[in-house]
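42 is the number of the first residue of the sequence shown in the working numbering; add one for each residue after it.
Just so it is clear, CB atoms sit at the ideal spot from N, CA and C, and this is done for glycine as well.
Step one of this worksheet: look at the structure below.
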Amino acid sequence: MVLLSMILVPVLAAPFAYIGERINRNIPKYLSLAVAIFLALCTVYLLVNRPESGFGFEEFYAIYPPFDFNLHLAVDGISITLLAITAFLAITVTLSSWNVEKPGAFFALVLVFLGPMVGVFASLNLLWFFIFWEFTLVPMFFHIGIWGAENRIYAAMKFFIYTHLASVFLLLGIIVLYLNTHSFEFVELLKKSAALDPSVVKLIWILMFIGFAVKMPVVPFHTWLPDAHVQAPSPISVFLAGLLLKMGAYGLLRWEIFLFPQATKFFAPLMAVIAILTIFYAGFRALAEDHIKRMVAYSSINHMGFVLLGLSALTAAGISSALYEMVGHALIISILFMIAGYIHHKTHTWYISELGGLMKKIPGLMTMFVIGVLAAVGLPGTAGFVGELTVMLAAFDYYGWVMIIVPLASALSAGFFMWMLQRAVFGPLRESFKELKSLKELPFVENLALAMYIAAFIFVGIVPSVVFNLYNGSVDIFAQLFK
């Protein structure tokens, strides 16, 4: 029941968070924090008792067996890793939103988001995976539309349209797959997919890939994300980058790469080309940006290009490195989005050209920002270094010398981030900031959330085996499909 409880408890707690504000405005945030800690404790239990390989903690709830509409939950090392990130970000987002306006509705939507997110990573029934997938989009739409910036309605509608068009392609792929296998169960699909007509499999692969690629997102399916990030409140940008994008990569890995290894081999070069285009395009766009949050958004897309590149290698090393990059990206990009939001709140501008000398006024916050930026550009001893290095090594091993161009992308990332630090953080303090009363350090709770990100990405950067050991057994099993 542990997996079902991880889905239901956040959803059932949501109405109490909403109503609780009428009694005391502190109730929603403490309830959200309690649920986040509950998810973390459940995840620790899963981690301690996880199977070395294969699935564990299996739960099966028959709902309508003739249609294979059964809630089938189980986790392997891959799922547990992403559940750990979910629980961690649930805690940090709650702490970062400690003084949010309309806390009842805000935290109720956070809780409604967390339950289906657990379902996405724990479902072994493809139809239920899709249902959970769709439910995660609803609270994100309202978070952007209600708590976002001045163009929030436009960004929320664009987010809604893009992601639901992607869901149409994903659903079409699921329908074609069901019509040819009469099953939604992962294990059954794994057995039956090898006997399908190759042309049908390729059609399914393309349809599902579009659905997952939009969510990651990768070029040319990325245009919704910068607008969503710019308009979303920064804690919700953390969920967007740290979890929603990972849904796309996880879905691609679990329900496409593992199920259709031969079709994936056929399309792997295309995946690699899209990945490299994404890495360089997003890097150049970030280099040209003056809007600090949009620049971080393009950096996020750049990192997801590395994830796709690792997955396209179709080896245990490639998949493991892609999963590690997902973990590192979730931790690093989250602190960058949060501090970008704090900078705007304190200076009343998003534009790098209007900033300068912030280290002189808020050295504590800016020191954490510099650490986050250095991790993003791949400083040794951080998760950013391990993730990009292992992805590049796996891609080079699979594709050969053509991948020699990829390290240039790391130099590109260093370029746009160093330019931003030089303009916004260092240098002379702008005259308009000298007497600005809002330019002061953060309260303890917000600093705690930022410190948690830094501690996490440095720890897994120094001891990367902690992450790799979580899922290597599961990855090794599925990597055999490509031999």
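Short Cβ contact (8 Å threshold) for residue i with residue j
{"i": "valine 508", "j": "valine 348", "result": "no"}
{"i": "lysine 306", "j": "phenylalanine 519", "result": "no"}
{"i": "alanine 465", "j": "glycine 324", "result": "no"}
{"i": "proline 276", "j": "serine 138", "result": "yes"}
{"i": "glycine 422", "j": "isoleucine 315", "result": "no"}
{"i": "isoleucine 320", "j": "glycine 346", "result": "yes"}
{"i": "proline 180", "j": "glutamate 62", "result": "no"}
{"i": "isoleucine 132", "j": "leucine 74", "result": "yes"}
{"i": "isoleucine 373", "j": "phenylalanine 498", "result": "yes"}
{"i": "leucine 114", "j": "phenylalanine 171", "result": "no"}
{"i": "tryptophan 296", "j": "leucine 168", "result": "no"}
{"i": "methionine 459", "j": "valine 447", "result": "no"}
{"i": "glycine 419", "j": "glutamate 429", "result": "yes"}
{"i": "valine 260", "j": "leucine 318", "result": "yes"}
{"i": "tryptophan 184", "j": "proline 106", "result": "Note that residue 184 corresponds to histidine in the displayed sequence, not to tryptophan. No. Outside cutoff."}
{"i": "asparagine 90", "j": "phenylalanine 101", "result": "no"}
{"i": "valine 85", "j": "proline 51", "result": "no"}
{"i": "leucine 80", "j": "leucine 178", "result": "no"}
{"i": "methionine 257", "j": "leucine 286", "result": "yes"}
{"i": "leucine 293", "j": "phenylalanine 250", "result": "yes"}
{"i": "valine 116", "j": "leucine 87", "result": "yes"}
Close-in-space but distant-in-sequence residues of the same chain around residue i (CB under 6 Å, 5 per side omitted)
{"i": "alanine 371", "result": "Ile126, Gly283"}
{"i": "cysteine 83", "result": "Val43, Met47"}
{"i": "histidine 385", "result": "Trp391"}
{"i": "isoleucine 495", "result": "Ile412"}
{"i": "phenylalanine 262", "result": "Ala254, Val255"}
{"i": "alanine 416", "result": "Ile373, Thr423, Gly425, Phe498"}
{"i": "valine 217", "result": "Ile245"}
{"i": "lysine 387", "result": "Ser479, Leu480"}
Cβ neighbours of residue i in the same chain (closer than 7 Å, five flanking residues each side left out)
{"i": "glycine 456", "result": "Leu328"}
{"i": "leucine 213", "result": "Leu248"}
{"i": "alanine 435", "result": "Gly351, Ala354, Thr356, Ala358, Gly359, Ser362"}
{"i": "asparagine 221", "result": "Leu237, Val241"}
{"i": "proline 469", "result": "Gly397, Gly398"}
{"i": "phenylalanine 308", "result": "Trp246"}
{"i": "leucine 29", "result": "As displayed, the chain neither begins before 42 nor continues past 524, which places residue 29 out of reach and without an answer."}
{"i": "serine 224", "result": "Asp109, Leu230, Lys233"}
{"i": "tyrosine 59", "result": "Gly145, Ala146, Ala149"}
{"i": "leucine 489", "result": "Leu136"}
Residue interval of the alpha helix (DSSP H) (run including residue i)
{"i": "leucine 130", "result": "118-137"}
{"i": "tyrosine 383", "result": "357-388"}
{"i": "phenylalanine 523", "result": "That residue, phenylalanine 523, is in no alpha helix (DSSP H); it is neither H nor E in DSSP."}
{"i": "asparagine 67", "result": "That residue, asparagine 67, is in no alpha helix (DSSP H); it is neither H nor E in DSSP."}
{"i": "histidine 184", "result": "167-188"}
{"i": "leucine 266", "result": "265-272"}
{"i": "valine 241", "result": "239-256"}
{"i": "tryptophan 460", "result": "448-461"}
{"i": "phenylalanine 410", "result": "404-417"}
{"i": "methionine 433", "result": "424-440"}
{"i": "alanine 496", "result": "485-503"}
{"i": "lysine 287", "result": "286-293"}
{"i": "phenylalanine 280", "result": "275-280"}
Limits of the beta strand (DSSP E) - the one that residue i falls within
{"i": "glutamate 100", "result": "97-105"}
heavy atom of the ligand PLP below 7 Å from residue i C-beta
{"i": "serine 375", "result": "You won't find the ligand PLP in this model; it holds no ligand whatsoever."}
Beta-carbon contacts of residue i that lie in its chain and below 8 Å, excluding the five residues immediately before and after
{"i": "arginine 471", "result": "Glu395, Leu396, Gly397, Gly398"}
{"i": "histidine 270", "result": "Ser278, Leu281, Ala282, Lys334, Arg335, Val337, Ala338, Ser341, Phe378"}
{"i": "histidine 332", "result": "Val271, Trp391, Tyr392, Ile393"}
{"i": "arginine 206", "result": "Arginine is not the amino acid found at residue 206; the sequence shown has leucine there. Excluding residues within five positions, the ones whose Cβ falls inside 8 Å are Val255."}
{"i": "isoleucine 380", "result": "Leu406, Met409, Phe410, Gly413, Leu491"}
Those residues which DSSP pairs with residue i across a bridge
{"i": "serine 164", "result": "Leu114"}
{"i": "tyrosine 392", "result": "His332"}
{"i": "glutamate 226", "result": "Asn166"}
Original post:
Any contact of the stretch 84-97 with the stretch 513-524, i.e. 3+ C-beta pairs under 8 Å?
Top reply: They touch, by the three-pair rule.
Original post:
Should the stretch 152-159 be regarded as contacting the stretch 107-127, the criterion being three or more beta carbon pairs within less than 8 Å?
Top reply: yes
**OP:** For the stretch 290-306 and the stretch 234-247, state whether three or more C-beta atom pairs, one from each stretch, are separated by less than 8 Å.
**Re:** Flag = yes, the stretch 290-306 and the stretch 234-247 touch.
**OP:** Taking 8 Å as the threshold, find out whether the stretch 223-232 comes into contact with the stretch 255-267 through three or more Cβ pairs.
**Re:** no
**OP:** Determine, using beta-carbon pairs with one atom in the stretch 144-152 and one in the stretch 53-67, whether at least three such pairs fall under 8 Å.
**Re:** yes
**OP:** For the stretch 473-483 and the stretch 400-407, state whether three or more C-beta atom pairs, one from each stretch, are separated by less than 8 Å.
**Re:** They touch, by the three-pair rule.
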